[in-house]
Every structure is written in structure tokens, then in C-alpha cells.
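**Student:** Residue numbers (the numbering used here): 201 to 405.
All residues carry an ideal CB built from backbone N, CA and C; glycine is no exception.
Since this is a predicted model, take the numbers as computed values, not measurements.
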Amino acid sequence: MKQTITALVGLLLAAVMLSSCDDKRSFADLLSDENKSVNLYLSDHRVVGSIPPDSAFEVGPDAPYYQLDEDGNIYMQVLSKGDMKLRPVKDDRVYFRFLRYNLNRYQTGEDLVGVGNSNDIVGSNGLGTTYFLFDNYKLQTSYKYGTGIQMPMHFLGANAHVMLIVKSQSGWPNEMSNVIPFVYDVTYYSSPLSPWKAEVDANDK
Numbered sequence: 201m202k203q204t205i206t207a208l209v210g211l212l213l214a215a216v217m218l219s220s221c222d223d224k225r226s227f228a229d230l231l232s233d234e235n236k237s238v239n240l241y242l243s244d245h246r247v248v249g250s251i252p253p254d255s256a257f258e259v260g261p262d263a264p265y266y267q268l269d270e271d272g273n274i275y276m277q278v279l280s281k282g283d284m285k286l287r288p289v290k291d292d293r294v295y296f297r298f299l300r301y302n303l304n305r306y307q308t309g310e311d312l313v314g315v316g317n318s319n320d321i322v323g324s325n326g327l328g329t330t331y332f333l334f335d336n337y338k339l340q341t342s343y344k345y346g347t348g349i350q351m352p353m354h355f356l357g358a359n360a361h362v363m364l365i366v367k368s369q370s371g372w373p374n375e376m377s378n379v380i381p382f383v384y385d386v387t388y389y390s391s392p393l394s395p396w397k398a399e400v401d402a403n404d405k
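Put into C-alpha cells, the structure is as follows:
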């Protein structure tokens with residue numbers, strides 16, 4: 201699975217680098233700006249460079265941001281762990297609602313404006329219902345939101361609520377060439393119409 205993800209990201213990055221050749225600023229310059237934006241945001245918070253064992257995360261608005269990947273592309277602050285007895289397994293359909301904020305605006309001192317579907321029940325903003333199949337990066341319906349958005353569900357349960365920093369390389373593939381880091385305010389949940397395996401097993405007992 202890691203090889204599949206790495207290959208996909210590699211191809212996308214190659215395309216991004218080629219498309220950036222005609223731009224005034226190089227791809228390396230854009231990546232540097234992205235890192236500066238993320239580092240500036242993180243400088244206002246505590247940061248923990250590793251994942252605690254047994255998902256023993258600090259919880260709350262003053263909790264640290266935990267680095268979730270080796271490359272430092274994904275950081276998570278846990279606002280609620282959710283139901284730790286109800287956690288997804290591979291191919292469970294995980295729904296999520298979110299607002300995301302462009303961190304490049306944070307560096308320039310502009311107001312952060314959230315965009316997403318957290319407050320849009322009827323889908324008038326065009327996003328509608330958003331979901332992915334957990335730990336599945338082959339289907340376009342899952343991969344179109346990138347790898348970063350799935351990471352918290354490796355550690356948390358249904359109805360988990362987190363702040364999630366996602367750099368462009370782990371974000372939405374169709375936006376990768378923009379090289380924009382986002383911080384997401386996101387909640388994950390299951391649906392009675394497509395219950396997770398853990399729910400089905402519990403109901404069968």
C-alpha cells in the first residue's frame with residue numbers, strides 16, 4: 201500500500217514540477233513558502249514530534265499538535281477522541297464535515313476564512329456530502345481528498361473532532377500544483393446507511 205501511495209504522489213509531484221517551470225516562482229520557492237506558513241502557525245502552538253502510544257493524545261483547544269507522518273506534512277490537534285470503541289477498519293465509509301483555512305494567509309496576516317461543508321447541510325456550496333473509504337487509496341472517491349485527511353482515523357474513533365494541518369503533498373491531488381497548506385477543522389462520523397464493521401459486529405452480539 202505504501203508503494204502505491206508513494207508512486208501516485210511521485211507522479212503528481214512530477215506533473216506539478218513541470219507545470220511550475222513556466223511560472224515566475226519555482227516549485228522549490230512555493231514549497232519554501234508553504235513550510236514557512238506552517239512553521240509560523242505551529243510557532244503559536246505546542247508541537248509534539250511523535251505519536252503517543254495507545255492514542256494517549258492530550259485533548260482540547262490547548263492540546264499540542266502531533267506530527268503524524270515522517271515528512272512533517274500532517275499535524276493533528278485533538279479536540280475530541282470520539283468513541284474509541286467504534287473505530288473504522290479498511291474500506292469502512294467514513295463521513296466527514298470540515299472547514300479549512302489557507303495557512304498562506306496566516307503568514308501574510310490576512311483574515312482566515314473557512315471553506316467547507318460543516319455549516320452546509322443541503323450542499324449548496326457544491327461540496328455536498330464528503331466521505332472516504334478508510335485506508336483505501338486506490339478508488340478515486342477516496343483518494344480525491346488526499347492521504348492527510350484519513351490519518352486521524354488511524355488513531356481515533358467515531359465523532360472524533362480535530363484540527364488538522366495538511367501540506368499540499370498530502371492534500372487534494374487536483375490542488376497540489378497550488379502548493380497551499382490548509383488547517384482543517386474536521387469531524388468524522390459513520391452513517392446508519394453504511395455502518396462500520398464494528399457497529400455491525402456489536403449489533404450481531
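TYR345 bridges to which residues according to DSSP?
**Tutor:** Position 145 of the sequence shown, counted from the start, is the residue given in the question as residue 345. In the DSSP output, where bridge partners are listed per residue, TYR345 has none listed.
**Student:** Where in the region 226-297 do unbroken runs of the alpha helix (DSSP H), each at least 4 residues long, occur, reported from the N-terminal end onward?
**Tutor:** Fully enclosed alpha helix (DSSP H) runs of 4 or longer: 227-242.
**Student:** So which of GLN369, ASN239, ARG287 has the shortest CA-CA distance to ALA360?
**Tutor:** As a position in the sequence shown, residue 360 is number 160, starting the count at 1. For the residues GLN369, ASN239, ARG287, the minimum Cα distance to ALA360 belongs to ARG287.
**Student:** Check whether the Cβ atoms of PHE382 and LEU268 lie closer than 9 Å to each other.
**Tutor:** Counted from its first residue, the sequence shown places residue 382 at position 182. Counted from its first residue, the sequence shown places residue 268 at position 68. Contact flag unset, no.
**Student:** Residue range of the beta strand (DSSP E) that TYR388 falls in?
**Tutor:** As a working note, residue 388 is residue 188 in the sequence shown. Element bounds for TYR388: 382-389.
**Student:** Rounded to whole angstroms, what is the Cα-Cα separation between GLU399 and MET284?
**Tutor:** The count along the sequence shown starts at 1 and reaches residue 399 at position 199. The count along the sequence shown starts at 1 and reaches residue 284 at position 84. Using only the alpha carbons, I get a separation of about 12 Å.
**Student:** Do PHE332 and SER318 count as a contact pair if the criterion is CB distance below 9 Å?
**Tutor:** Here residue 318 corresponds to residue number 118 of the sequence shown, with the count starting at 1. Here residue 332 corresponds to residue number 132 of the sequence shown, with the count starting at 1. No; because the gap between Cβ atoms is not below 9 Å, this pair is not in contact.
**Student:** Mapping the DSSP letters down to three states, classify VAL400 as helix, strand or coil.
**Tutor:** Residue mapping note: residue 400 aligns to position 200 of the sequence shown, counting from 1. In this structure, VAL400 counts as helix in the three-state DSSP scheme.
**Student:** Can you give the Cα-Cα distance for ASP335 and SER370, rounded to whole angstroms?
**Tutor:** By 1-based counting over the sequence shown, the position of residue 335 is 135. By 1-based counting over the sequence shown, the position of residue 370 is 170. Roughly 14 Å separates the two Cα atoms.
**Student:** Taking the DSSP output, what are the residues bridged to ASN374?
**Tutor:** Counted from its first residue, the sequence shown places residue 374 at position 174. ASN374 pairs with nothing; no bridge assigned.
**Student:** Closest to GLY260 by C-alpha separation, out of TYR388, VAL315, MET363, would be which residue?
**Tutor:** Within the sequence shown, residue 260 is the residue found at index 60, counting from 1. Per the Cα distances, MET363.
**Student:** With a threshold of 16 other CB atoms inside 10 Å of the CB of GLN340, please say whether the residue is buried or exposed.
**Tutor:** Here the question's residue 340 lines up with position 140 in the sequence shown. Answer is exposed; the Cβ neighbour count stays below 16.
**Student:** Compare the Cα-Cα distances from ILE365 to each of LYS281, PRO395, GLU258, TYR301 and report the closest residue.
**Tutor:** Translated into positions along the sequence shown, residue 365 becomes position 165. For ILE365, the nearest C-alpha among the options comes from TYR301.
**Student:** Find out if the Cβ-Cβ distance for the pair ILE274, GLY348 is shorter than 9 Å.
**Tutor:** By one-based count along the sequence shown, residue 274 stands at place 74. By one-based count along the sequence shown, residue 348 stands at place 148. In this structure, GLY348 lies closer than 9 Å to ILE274 by Cβ.
**Student:** Taking the alpha-carbon of GLY314 as reference, which of VAL386, SER243, TRP396, ILE251 has the nearest alpha-carbon?
**Tutor:** Position 114 of the sequence shown, counting from 1, holds the residue named residue 314. Checking every option, the nearest Cα to that of GLY314 belongs to VAL386.
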